[in-house]
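Some notes on the structure that comes next.
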Amino acid sequence: DEPMLDRVRVALFTATSASCVTGLTVVPTGGAEPYWSRAGQMIILCLFQLGGLGIMTCGAFFAIAVGQQFHAREGAALGEYLESNSLGDARRLLRAILLFTVTAEIAGACLLLGLWPELPWMDRIFYGIFHSVSAFCNAGFSLTENSFVGMGTNWQVWCVLPLLIIVGGLGFSVLYNLALVFWSRFRQITQPPLFGLSASRLRLTLTSRLVLWTTFVLLVLGTLGYDLLESLGPNNGRHVGVRLSDAWFQSVTFRTAGFNSVDHGMMQPTTKLLAIGLMFIGAAPGSTGGGVKTIAFALTVLSLWSILRGRDRVEFGGRTIPPVQVQRALAIIALGIGTLMATTLLLVLFENRPDAFLDHLFEATSACATVGVSTGLTPELSTPSQLVLVLAMFLGRVGPLTLMLAMARRIDSAVYRFPEERVILG
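Going by our numbering, the sequence shown runs without a break in its numbering and finishes at 547.
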């Protein structure tokens, strides 16, 4: 009996959220009274699987699988996106992506089977696969009633799901580099070089080191910050183990995934602001997550630190980062802020609820950064506001990729240069 326009709106919102691996919903995906049938849930699963791998990665892999050849420009763009030095490296990386994705998702599904012992085996298998793929792809879709609220102390929730989310959010080029480094170390241990000669060893790239350090710092600060800010509120009488498990899970999922083990609508305003900051940063470049990316955030911080120290270049790990990449990072941050402010402005304008401004900013950030966490406000939004979120999710997923590919093209410098003139900054 549902009107056709409402069904189209729900389908459009859900399809966009799934393909853009966001996780925001306007109707229950699962639970006691799910809106979608099992066939609909399987379609949603396929959408965020393809969305997590990325349109470009999937297209490139299928092109390789059927033996098609890349043009020079396409190969250069793919190499830039995947952080590889040659098209041959990109081919090997794409094969590694598929193998690693399938392996991680199958292992995660097997480990998650014990989370729903009351369900029949076929349902448990489907639940395990659905949530494993959703976690690895940082999608945040769940078949349970309220995501994982009240289940934060289960080892599958605080261990398996965060591990899948973090690995999926590191970026395929980082995972590939880590695998090559570990394999190189293993070969040196099992097959020492002849005559005691030192063999060349692979090293972590600067991208990998930046991503790993930034991810570690954000996870630690997010966990400690969430626990501290929530302990100042009225619900501070919980056991320390429950508090830490919830803080850890939220710290992981705020940046990329969209699951939750607590009611985000009941969080302190200060905690919501912390979550907005973590969502805006997001995951690593070339990963299944969204946001402005950890590399852009790290380069912005390093640039600020260089300015405060009076340096004219940005350095990290014994390397100097090219100024053009720092400029690109600042451009991504600026465009991300602009998109977020425009989305929030439209939500506030359409809803006309000044008391819910922080929740509107929370939902806008979740959509723009393709995170998927919600204070429960999304289903209550008007149709224009939901369409705004649809556009924000699409831009949040496709926009950064399109921007990076556009900036990856070599632009010839002008043959002239204007005279320099200083301006007042403050």
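All C-beta atoms in this analysis are idealised placements derived from N, C-alpha and C, irrespective of residue type, glycine included.
**Q.** Run of the beta strand (DSSP E) containing Glu436, from where it starts to where it stops
**A.** That run of the beta strand (DSSP E) goes Val435 to Phe437.
Q.
Taking its Cβ as the centre, do 16 or more other Cβ atoms sit within 10 Å of Ile287, making it buried, or is it exposed?
A. With a 10 Å radius around the Cβ and a threshold of 16 neighbouring Cβ atoms, Ile287 comes out buried.
Q) For Leu299, which of Leu233, Ala228 and Ala217 has the nearest alpha-carbon? A) Per the Cα distances, Ala217.
Q | Separation of Leu340 from Asp557, as counted between CA atoms | A | Any answer about residue 557 is impossible in this case: the structure gives the chain only from 122 up to 547.
(Q) Alpha carbons only, please: which of Leu516, Val435, Phe134 and Gln446 is nearest the one belonging to Thr464? (A) Across the set Leu516, Val435, Phe134 and Gln446, the C-alpha of Leu516 shows the shortest separation from the C-alpha of Thr464.
Q) Under the criterion of a Cβ to heavy atom distance below 7 Å, does Leu233 qualify as lining the ligand MN? A) The ligand MN is not part of the structure shown, which contains no ligands of any sort.
**Q.** Ile442 (DSSP reduced to helix, strand or coil)
**A.** In this structure, Ile442 counts as strand in the three-state DSSP scheme.
Q: Rounded to whole angstroms, what's the CA-CA distance from Leu318 to Ser427? Just pull it up for me.
A: Since pLDDT at Leu318 reaches only 46, below the 50 mark, its modelled position is unreliable, and the value read off the structure follows with that caveat. Cα-Cα distance, rounded: 40 Å.
Q) Would you call the CB atoms of Thr415 and Thr336 closer than 8 Å? A) Yes, Cβ-Cβ distance for Thr415 and Thr336 is below 8 Å.
Q: Check whether the region 403-418 touches the region 444-463, taking contact to mean three or more Cβ pairs, one atom from each stretch, closer than 8 Å.
A: Segments in contact, yes.
Q. So what does DSSP say about Asp367, is it helix, strand or coil?
A. In this structure, Asp367 counts as helix in the three-state DSSP scheme.
Q: Given a cut-off of 8 Å, decide if Asn275 and Ala404 are closer than it, judged by their beta-carbon atoms.
A: No, the Cβ-Cβ distance between Ala404 and Asn275 is not below 8 Å.
**Q.** Proximal residues to Val373 (C-beta, below 7 Å), its chain only, five neighbours per side dropped
**A.** If we look at Val373 and ignore the five residues flanking it on each side, its Cβ neighbours are Pro283, Ile286, Ile287 and Leu340.
Q.
Please list the terminal residues of the continuous alpha helix (DSSP H) segment that includes Asn298.
A. From DSSP, the alpha helix (DSSP H) with Asn298 extends over Phe293 to Thr311.
Q: Specify the secondary structure class of Arg543 as computed by DSSP and reduced to three states.
A: DSSP, read as helix, strand or coil, puts Arg543 in coil.
Q. Terminal residues of the continuous alpha helix (DSSP H) containing Trp334?
A. Residues Leu327 to Ser352.
Q.
As a quick exercise: from Ala153, Gly161, Gly152 and Pro124, pick the residue whose alpha carbon is nearest that of Thr135.
A. Closest by alpha carbon: Gly161.
**Q.** Through-space distance from Cys141 to Gly459, alpha-carbon basis
**A.** The alpha-carbon separation between Gly459 and Cys141 amounts to approximately 20 Å.
**Q.** Rounded straight-line distance, which links the Cα of Leu468 to that of Ser253
**A.** Spanning the two alpha carbons is a distance of roughly 32 Å.
Q: On a CA-only basis, which of Pro500, Glu266, Gly398 and Lys393 is nearest Gly354? Give me that one, please.
A: It is Lys393 whose Cα lies nearest to the Cα of Gly354.
(Q) Taking a contact to mean a Cβ-Cβ separation below 8 Å, would you say Val363 touches Gly273 in this structure? (A) Gly273 is positioned such that its CB atom lies closer than 8 Å to that of Val363.
Q: Please report how far the alpha carbon of Arg543 lies from the alpha carbon of Gly431, in whole angstroms.
A: Their Cα atoms are separated by approximately 17 Å.
Q) What residues in its chain sit with their C-beta under 8 Å from that of Glu541, if we drop five residues either side in the sequence? A) Result list for Glu541: empty, nothing under 8 Å.
Q) Is Arg538 helix, strand or coil when you go by DSSP? A) Three-state result, Arg538: coil.
(Q) Which residue marks the beginning of the alpha helix (DSSP H) containing Leu479, and which one marks its end? (A) Phe478 to Cys489 is the extent of the alpha helix (DSSP H) around Leu479.
**Q.** Closest Cα partner of Thr499 within the set Ser408, Val422, Pro390 and His385
**A.** Ranking the options by Cα distance to Thr499, first place goes to His385.
Q: Report yes if the C-beta distance between Ala139 and Ile165 is below 8 Å; otherwise report no.
A: Cβ distance < 8 Å, so Ala139 and Ile165 count as in contact.
(Q) Counting C-beta neighbours from all protein chains within 10 Å, is the total for Arg440 16 or more, i.e. buried, or is it exposed? (A) Exposed, by the Cβ-count rule.
**Q.** Distance CB(Gly292)-CB(Gly407) smaller than 8 Å
**A.** For Gly292 and Gly407, yes; Cβs fall inside 8 Å.
Q) Expressed to the nearest angstrom, what Euclidean distance is found between the alpha-carbon atoms of Met243 and Thr137? A) Each residue's alpha carbon lies about 28 Å from the other.
Q. What are the boundary residues of the alpha helix (DSSP H) that Asn269 is part of?
A. With the sequence shown as reference, residue 269 is identified as Phe, and Asn is not the correct amino acid for it. Run containing Phe269: none; DSSP gives neither H nor E here.
Q. Which word fits Ile310, buried or exposed, when buried means at least 16 other C-beta atoms lie within 10 angstroms of its C-beta?
A. Counting Cβ neighbours within 10 Å, Ile310 comes out exposed, since fewer than 16 surround it.
Q) Is Met125 helix, strand or coil by DSSP? A) Correct three-state label for Met125: helix.
Q.
Could you give the first and the last residue of the continuous alpha helix (DSSP H) run that contains Asp572?
A. As displayed, the chain neither begins before 122 nor continues past 547, which places residue 572 out of reach and without an answer.
Q.
Which same chain residues end up closer than 6 Å to Gly173 when comparing Cβ atoms and leaving out the 5 residues on each side of it in sequence?
A. Within the same chain, Cβ atoms closer than 6 Å to the Cβ of Gly173 are found at Val142, Cys258 and Thr409, the five residues on either side in sequence being excluded.
**Q.** Through-space distance from Glu226 to Phe262, alpha-carbon basis
**A.** Straight-line Cα distance between these residues: approximately 15 Å.
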